[in-house]
Amino acid sequence: MRTKIYLSLLVAVLFTACTNHSKVNIEIPEVNEGTVAIVYASPDQMTNSDQNIIYSSEFKDGKISINLDSINFDKNILECALQIASNDEKFYANVPLPLEKGKTIDVKFTNIDEYNKGGRIKTSYKGSKHAEDFTVFWDKTQNQMLEFRDLKVEDINKGYEKFVEIYKPYIDTYQESGFPYMLLIAQINNMQFDKANPLLDYCNSICSSGKNNRWKEVVCSLLGERRLAQETSKKLVFSAVDVNGKAYTERDIKGKLFLIDFWASWCKPCKDEMPHLKEINNKYKTKGLTLVGISIDRGVEEWKAYLKSNQLPWLSLFGDGNEITKRYDFQYIPYNLLVDSDGNILAKNLHAEELDKFLEEFFSK
Numbered sequence: 000m001r002t003k004i005y006l007s008l009l010v011a012v013l014f015t016a017c018t019n020h021s022k023v024n025i026e027i028p029e030v031n032e033g034t035v036a037i038v039y040a041s042p043d044q045m046t047n048s049d050q051n052i053i054y055s056s057e058f059k060d061g062k063i064s065i066n067l068d069s070i071n072f073d074k075n076i077l078e079c080a081l082q083i084a085s086n087d088e089k090f091y092a093n094v095p096l097p098l099e100k101g102k103t104i105d106v107k108f109t110n111i112d113e114y115n116k117g118g119r120i121k122t123s124y125k126g127s128k129h130a131e132d133f134t135v136f137w138d139k140t141q142n143q144m145l146e147f148r149d150l151k152v153e154d155i156n157k158g159y160e161k162f163v164e165i166y167k168p169y170i171d172t173y174q175e176s177g178f179p180y181m182l183l184i185a186q187i188n189n190m191q192f193d194k195a196n197p198l199l200d201y202c203n204s205i206c207s208s209g210k211n212n213r214w215k216e217v218v219c220s221l222l223g224e225r226r227l228a229q230e231t232s233k234k235l236v237f238s239a240v241d242v243n244g245k246a247y248t249e250r251d252i253k254g255k256l257f258l259i260d261f262w263a264s265w266c267k268p269c270k271d272e273m274p275h276l277k278e279i280n281n282k283y284k285t286k287g288l289t290l291v292g293i294s295i296d297r298g299v300e301e302w303k304a305y306l307k308s309n310q311l312p313w314l315s316l317f318g319d320g321n322e323i324t325k326r327y328d329f330q331y332i333p334y335n336l337l338v339d340s341d342g343n344i345l346a347k348n349l350h351a352e353e354l355d356k357f358l359e360e361f362f363s364k
């Protein structure tokens, strides 16, 4: 489900404690007036979906200066979230706000017109070395997020390698910072755990090096939870319906090997894979392969409309996307399971040459 945009998920977790004796100057040249809020949450608050608004006000003439001297916090370099909305409701942004004790941080927003058209807002921070380093870090991560969402399946690991190249120098330099771990939380929640990847390997390595950061502890705990979820999804279990509303479960399909394909009518990579699946179906159907397509479309009507103009030569079902993705611990489609006649999941998420190799070896036994 690489078409999914992750930026909104990322900024939703960019909160932690702020510090005293700090000042923030905010400049938004393309927005004349609106409201601004500074929000923070500790790691423990965030895991409970809690947060605090420590400052809110209106601004005019595209700028505002905020004194935070009355707020008493206990870290030298701390992170907040900055939420800005225009009075005409045409602009809203939720971005990280790096603060440093005793420093004045200047924040400037640009590229707002493009952002309102679906582009990327540009945010720069000045006033301390950390703020300037964070500007570079944030810019690189956001660019990589946009690039990553359009990658082909075979290029995913290269995308993860680029993330490691961005995270590692920042984390090595600012070991107490929460920002990179907040971003990692969002990525881990949207990562497939059925295969190793460079970013997952990097997360495992930082978790084995000691937990000297509460945000890091949250990341490591989440990694453990995701691994456990992956281990518990060893058997095929599903409930779905066909175009006539007839219910099917795993007990209703027969064969020597099941290929369960999870897809959606809006998913271009899924549709691009269909010709290959038809070839596989033609080649192995008589040998005992049973192919079942389970759509996780947003609505049943979109799925039915697609099937009307695109006949598929296998059992096509409609399932609950939220339930299915949680059960089998995946976030991207196309995704598939290869299951034996006893319902044991033999392999997950094989495509192209990997899938061909698996099928050839299985049916040559």
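For the sequence shown, numbering that gives the first Met the number 0 gives the first residue as 0, with consecutive numbering after it. Where a beta carbon is used, it is the ideal one built from N, C-alpha and C, also for glycine.
Integer-rounded CB distance, given that residue j should sit under 8 Å from residue i
i, j, result
"I111", "K62", "Incorrect: roughly 14 Å between the Cβ atoms, too far for contact."
"F257", "L222", "Their Cβ separation, rounded to whole angstroms, is 30 Å, which puts F257 and L222 out of contact at 8 Å."
"V23", "I104", "5 Å"
"S55", "V35", "7 Å"
"K89", "N115", "6 Å"
"T122", "F108", "6 Å"
"I344", "K253", "With 8 Å as the limit, I344 and K253 do not qualify as a contact, their Cβ atoms being about 17 Å apart."
"L290", "N281", "That pair is no contact at about 10 Å."
"Y173", "I76", "7 Å"
"I170", "I120", "Not really, about 24 Å apart at Cβ, beyond 8 Å."
"V217", "P97", "In fact, because the Cβ distance is near 19 Å, the residues do not count as touching under 8 Å."
"F261", "N335", "7 Å"
"L337", "F357", "6 Å"
"S264", "Y305", "4 Å"
"L311", "V240", "In fact, because the Cβ distance is near 15 Å, the residues do not count as touching under 8 Å."
For residue i: DSSP bridge partner residues
i, result
"T134", "The partner list for T134 (beta bridge, DSSP) is empty, contrary to what the question assumes."
"C79", "L96"
"A84", "T34 and Y91"
"Y169", "BP columns for Y169 are empty, so no partner."
"I65", "V23"
"N343", "K234"
"N51", "Y39"
"F58", "G33"
"S363", "Its beta-bridge partners do not exist; DSSP assigns none."
"A246", "V240"
"N309", "Answer by DSSP bridge pairing: none, since N309 is not bridged."
Span separating the alpha-carbon of residue i from that of residue j
i, j, result
"V299", "E160", "37 Å"
"E99", "H129", "8 Å"
"Y247", "V106", "55 Å"
"V242", "S294", "11 Å"
"P333", "L227", "23 Å"
"Y180", "F133", "14 Å"
"T18", "F162", "Any reading at T18 must be qualified, since the residue scores a pLDDT of 42, below 50, and its modelled position is unreliable; the value itself is stated next. Approximately 29 Å between the Cα atoms of the pair."
"L198", "S69", "40 Å"
"K151", "I53", "42 Å"
"E322", "Q50", "28 Å"
"N212", "S127", "22 Å"
"N31", "Y91", "13 Å"
"D319", "N189", "18 Å"
"M45", "T285", "53 Å"
"A185", "S340", "36 Å"
"I155", "D87", "40 Å"
"N66", "Q141", "29 Å"
"C79", "G244", "49 Å"
"M273", "G292", "10 Å"
"F178", "I83", "19 Å"
"F192", "N203", "12 Å"
"H275", "A351", "8 Å"
"K307", "D296", "15 Å"
"P95", "M144", "16 Å"
"G101", "E131", "16 Å"
"C219", "D251", "40 Å"
"Y327", "S176", "33 Å"
"T324", "R225", "13 Å"
"K364", "K255", "12 Å"
"Y283", "F147", "34 Å"
Under the three-state DSSP convention, the category residue i falls into
i, result
"F118", "Correcting the residue type first, residue 118 is Gly in the shown sequence and not Phe. The answer is coil: DSSP assigns G118 none of H, G, I, E or B."
"A92", "strand"
"L13", "Because L13 sits at a pLDDT of 45, beneath the cut-off of 50, its placement in the model cannot be relied upon, and the point is left open."
"S315", "strand"
"V236", "coil"
"F261", "strand"
"C27", "Just to set this straight, residue 27 is Ile in the shown sequence, not Cys. Here I27 sits in coil by DSSP."
"E224", "helix"
"S204", "helix"
"D105", "strand"
"F329", "coil"
"N321", "helix"
"K267", "helix"
"L358", "helix"
"K215", "helix"
"L150", "coil"
"K125", "strand"
(request) Give, in chain order, every unbroken run of the beta strand (DSSP E) that is at least 3 residues long and sits entirely within the region 270-307. (result) You should have 288-294.
(message) Going residue by residue through the region 177-201, where are the continuous alpha helix (DSSP H) segments of at least 4 residues, counting only ones entirely within it?
(response) You should have 178-188.
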